[in-house]
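So in my numbering, the last spot in the sequence shown is 602, and the numbers never skip.
The beta-carbon is built from N, C-alpha and C at its ideal position, and this holds for glycine as well.
Here is the structure we will look at, set down as structure tokens.
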Amino acid sequence: MLKMKQINKLLFSFSLIFVCTFSFGQRLESIKLFSSHTQNYSNHTLDTISIPFWDDFSGSDSIKNNMWSLYENISVKDYYNINAPSLNVIEFDGLNKDGIPYNYDNGYGVSDILESDKINLTSYSLSDSLYLSFFWNYNINGELPDNEDSLKVDFLNQNNNWETVWIKNGGSENYSEIFSFESIPISSEYLHQNFMFKFYNKGNTEGPFDSWLVDYIYLDKNRTKHDSLSLDRTLSYNGFKVLNNYISIPFNHLSFADSFADSVSFTINNLDNQIQPINYSFGAYIKEFDLSLSYSQNKELSPILGGNESRNIINKPIKLSDFSLGKDSITVDFSFYIESGDSTYITKNLITNDTTNFEIKFSNFYSYDDGKAEYAAGLNQKNSELVLEYFTYTSDTLTHIQILFPETIENGYSQNIELVIYKNISGESTKLRSQNVSISYDNFNLNTYELENPLIVEDTFYIGFKQFESNFLAVGLDKNNNTSDKIFYKVDNQWEQNDIIKGSLMIRPLFNNSDLIISGINEKNPTEEIIIFPNPSSGIFYLSKKVEKLKVLDSRGSMLFSDENTDIINLTKTNRGIYYLFIIDNDNQITKKLIIN
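Next comes the structure, spelled out in structure tokens:
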């Protein structure tokens, strides 16, 4: 059974690594990243700004520097599973923006710091009732804070000294599934021309430990202690998929994908206590054809959105076969937006969190992942194997396998790996292919391995690798799509289904036409050679014997002909070209090329 060993951050990517081990009497060890301490820094000129001060981090995947003086090591995240008040949150843990631990000598201390610009408050008095508010929570996608860990807010007083005005300790007693609201009054000693505030965390500095999330920071006048209300309607997270399991599938398989399409959902939050009419729209844009598609246009939300209500909007599954438009690949930009009467002020643009976009490229691969590895998982035992289960919507030629091996501080694994492809792993495993390859560590680019002998696959198959040493070998793990039940590992000659790691491993099958000799996934027993003649022909092909079943596919995977107990194929109404014949006979699958001239 997989067990969590330690969490380490990927270098140069805002990504985390779950390093995993097994319960076979092995001692759990920890791995450090850099031993040097990385200082917080800023090259931003300190400006003086005014209130209202508002940032919900929804407008970009990085911090805006027009309000913050120290922010470079703060990561902006979009987690789908945290019920955030609005799009995007900021993350505080023990690593800087490049994924390097701060690594103090004692392994503990202040890590991430977010510090505002100067705010001139000289024209305000206590009667103006200034408050700084925000939402916070533990990061359930990381390692939760312990009792001795803390998230703090400091104010800069008129003597230019920082004073702690709010502190929250970790521990199970402060855990909640929803974000908590906090509001801090601005007392008289802070009403000066150089007022500033900062957020920071204190905890383990050796990795992404003791992780906190913060959202929707707001400073303004005429507020009250419990005034968590804002005339703002928001979306909680960006979408990321339109299929049941997969993020992307081969373009040539889209025509078979309609029955696998999933409903697309978005969450709308009303941060006000009054009801609010909402209209919403959902559509797609295909860049290659300059084509816009509308699925919901200015649709009225019914019943009306209540005060302080969060509601999940579920759109009907998309007819993906509509995207089969004669290209090798397409990129589809999906967008969902609401019209809610939100306003725009000089420093408070409440419209930025009303629109979400996500982009999917349909090319030549299946993927459970979205291309970004927030974490990674791996094995640490010699001769162990790690595979992913895949299901093809139609038969196709598997020509390459892609794997992301993220760069860590201590990439101890140095040998080759053996690529493996299985038809099944239950009972007596059926290995279809194996091939030794080298690995390259990279946080963004997947290793692409061309198969020496391409393979036609259909239905269920498994791809992955076997490792030859006991050093950890971590694979990229996308946390935004949970297909953990597709992960299997083999240790001590026993296959186990993953039940610990949540997410999608970045191991992908690629499909292309191949001029190499190809074979089918179900070939088992030797059988009498089947001869096709004439080949090429004008459309009529004969077989040297009758076969149990056969079918003919084009290069897009579309079925053109099928029959049973036959020895003749009639393709006289089919255009000239190369086609693929699949024969099932005597528990064997045989593949041939047919040429119509």
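Review point. Can you pull the DSSP bridge partners for E187?
Key: Residue pairing by DSSP places E187 opposite F139 in a beta bridge.
Practice item. Give the range of the beta strand (DSSP E) segment to which Q281 is assigned. Key: Q281 -> no beta strand (DSSP E), and no H or E assigned at all.
Exercise for review: With DSSP as the reference, please indicate the residues paired to V480 in a beta bridge.
Suggested key: Bridge partners of V480 according to DSSP: A382.
Point to revise | S400 in three-state terms, based on DSSP | key: It is a strand residue.
Point to revise | CA nearest to the CA of E96, picked from N70, D122 and F62 | key: The shortest Cα separation from E96 among N70, D122 and F62 belongs to F62.
Practice item. Check whether the Cβ atoms of K332 and F294 sit closer than 9 Å, and answer yes or no. Key: Going by C-beta atoms, K332 is nearer than 9 Å to F294.
**Study point:** Per DSSP, the bridge partner or partners of L310
**Key:** According to DSSP, which records beta bridges pairwise, L310 is partnered with Q281.
Practice item. If I'm right that N108 touches T210 with Cβ under 8 Å, what's the distance once you round it to whole angstroms? Key: Right, the Cβ-Cβ distance comes to about 6 Å (below 8 Å), so this counts as a contact.
**Study point:** Span of the beta strand (DSSP E), counted from its first residue to its last, around E305
**Key:** Residues L296 to E305.
Exercise for review: Report all residues from its chain with a CB closer than 6 Å to the CB of E569; omit the five preceding and five following residues, and keep chain order.
Suggested key: For E569, same chain residues with a beta-carbon under 6 Å away, outside a window of 5 residues either side, are K554 in chain order.
**Study point:** CA-to-CA distance, S134 to K259, given in whole angstroms
**Key:** Note that residue 259 is Leu in the sequence shown, not Lys. A straight line joining the alpha-carbon of L259 with that of S134 spans about 58 Å.
Practice item. Would you tell me roughly how many angstroms separate the C-alpha atoms of K428 and I468, rounded to the nearest one? Key: Taking the straight line from one Cα to the other gives about 9 Å.
**Study point:** At least 3 beta-carbon pairs within less than 8 Å: the region 485–502 vs the region 446–464
**Key:** At 8 Å Cβ cutoff, the stretches do not touch.
Practice item. Pick helix, strand or coil for N575, following the three-state DSSP scheme. Key: Of the three classes helix, strand and coil, the one that applies to N575 here is strand, per DSSP.
Exercise for review: Would you please state the rounded distance, in angstroms, between the beta carbons of G544 and L576? I believe it to be under 8 Å.
Suggested key: Confirmed, Cβ separation roughly 5 Å.
Review point. Contact check, T272 vs N317 under 8 Å by CB: the rounded distance?
Key: Indeed they touch by this definition, with Cβ atoms about 5 Å apart.
**Study point:** E364, DSSP secondary structure in three states
**Key:** Residue state, collapsed to three classes: strand.
**Study point:** Residue burial classification, T404 (beta-carbon count within 10 angstroms, cutoff 16)
**Key:** Buried.
Point to revise | Start-to-end residues for the beta strand (DSSP E) that takes in L100 | key: Note, L100: premise wrong, no beta strand (DSSP E); not H, not E.
Review point. Which value, in whole angstroms, describes the spacing of the CA atoms of T352 and L248?
Key: Summary for T352: the model assigns pLDDT 47, below 50, so the residue's position carries little reliability, and this model does not support an answer.
**Study point:** Pair within 9 Å by beta-carbon distance, N320 and S270
**Key:** Their beta carbons are under 9 Å apart, which means N320 touches S270 by this criterion.
Review point. Does the count of Cβ pairs from the region 136–154 and the region 217–224 closer than 8 Å reach three?
Key: Contact holds: three or more Cβ-Cβ distances are below 8 Å.
Point to revise | Contained beta strand (DSSP E) runs [length at least 3] in the region 69–93, N- to C-terminal order | key: DSSP runs (the beta strand (DSSP E)) wholly in the region 69–93: 73–75 and 80–82.
Practice item. In the DSSP assignment, find the unbroken beta strand (DSSP E) run with I492 in it and report its ends. Key: Its beta strand (DSSP E) spans residues I492 to V496.
Point to revise | Span separating the alpha-carbon of I522 from that of K246 | key: Confidence at I522 is low in this model, with a pLDDT of 46, below 50, so its placement is unreliable and no value can be given for it.
Point to revise | Proximity winner among N358, S329, T336 and E423, relative to I343 (alpha-carbon distances) | key: It is N358.
Practice item. Specify the secondary structure class of S260 as computed by DSSP and reduced to three states. Key: Three-state result, S260: helix.
**Study point:** Buried versus exposed, by CB contacts within 10 Å (16 or more), P150
**Key:** Buried, since its Cβ has 16 or more Cβ neighbours within 10 Å.
Check your understanding: Under a Cβ-count criterion, where at least 16 other Cβ atoms within 10 Å of its own Cβ denotes burial, should S567 be classed as buried or exposed?
Key -> With fewer than 16 Cβ atoms within 10 Å of its Cβ, S567 is classed as exposed.
Practice item. Alpha carbon to alpha carbon, how far is K507 from W171? Give it in angstroms, no decimals. Key: Across the structure, W171 and K507 are spaced so that their CA atoms are roughly 34 Å apart.
Review point. Which value, in whole angstroms, describes the spacing of the CA atoms of V496 and N540?
Key: So the alpha carbons of these two residues sit roughly 48 Å apart.
Check your understanding: Expressed to the nearest angstrom, what Euclidean distance is found between the alpha-carbon atoms of I600 and E412?
Key -> Distance between the alpha carbons of I600 and E412: 46 Å.
Practice item. List in chain order: all unbroken beta strand (DSSP E) runs of 3+ residues lying wholly within the region 412–472. Key: Counting only runs of 3 or more, we get 422–429, 435–442 and 452–472.
Point to revise | Anticipated Cβ contact below 8 Å, P90 with L224, distance rounded | key: Not a contact, Cβ separation roughly 16 Å.
Point to revise | Stretch-stretch touch, CB-based, cutoff 8 Å, three pairs: the region 272–292 with the region 304–314 | key: Because the criterion of three Cβ pairs below 8 Å is met, the region 272–292 and the region 304–314 touch.
Check your understanding: Taking all protein chains shown into account, do 16 or more other C-beta atoms lie within 10 angstroms of the C-beta of R238, making it buried, or fewer, making it exposed?
Key -> That one is buried.
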